[in-house]
Amino acid sequence: MFAIVRTGGKQYRVAAGDKIAVEKLAGEAGETITLGEVLLAGEEGVVADASKVVVSAEIIAQAKSEKVIVFKKRRRHNYRRKNGHRQLLTLLRIVSVAAA
5 MFAIVRTGGK
15 QYRVAAGDKI
25 AVEKLAGEAG
35 ETITLGEVLL
45 AGEEGVVADA
55 SKVVVSAEII
65 AQAKSEKVIV
75 FKKRRRHNYR
85 RKNGHRQLLT
95 LLRIVSVAAA
């Protein structure tokens, strides 16, 4: 069975055993959480009632993504700014996608 869940403003298609990286969620490695907003669920082409589906996941780790360089420049004004950003991520392993 698969489900489409929304977390951190993005949507992910998940099934049991999948590993995904999402925006930072509260919790330590090893904890089990439930992903609340299930948008769609189904199995082999048959769509199920998403309001009765529960997606549970285990937190593998809290991590940071790759560094993104932000460089701003204005020509002929001696204006240069260089910044770096690393987004905080949570790595999840989907434990189960099941009807409640």
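Residues in the sequence shown are numbered from 5 upward in steps of one, following this note's numbering.
Idealized CB from N, CA, C, for every residue including glycine.
The beta strand (DSSP E) with residue i in it runs from where to where?
i, result
"N87", "Y83 to H89"
"G12", "G12 -> no beta strand (DSSP E), and no H or E assigned at all."
"L93", "L92 to A103"
"E48", "Run containing E48: none; DSSP gives neither H nor E here."
"E62", "V57 to K68"
"R78", "V72 to R78"
"A25", "K23 to E27"
Just grab the DSSP bridge partners of residue i for me.
i, result
"E32", "In the DSSP output, where bridge partners are listed per residue, E32 has none listed."
"A19", "F6"
Give me the residue from the options with the minimum Cα distance to residue i.
i, options, result
"V50", "A7, G34 and L96", "A7"
Using beta-carbon positions only, say whether residue i and residue j come within less than 7 Å of one another.
i, j, result
"S55", "T38", "no"
"V74", "N87", "yes"
"V42", "V9", "yes"
"V57", "A103", "yes"
"A67", "L93", "yes"
"R90", "S69", "yes"
"E62", "V99", "yes"
"V26", "G40", "no"
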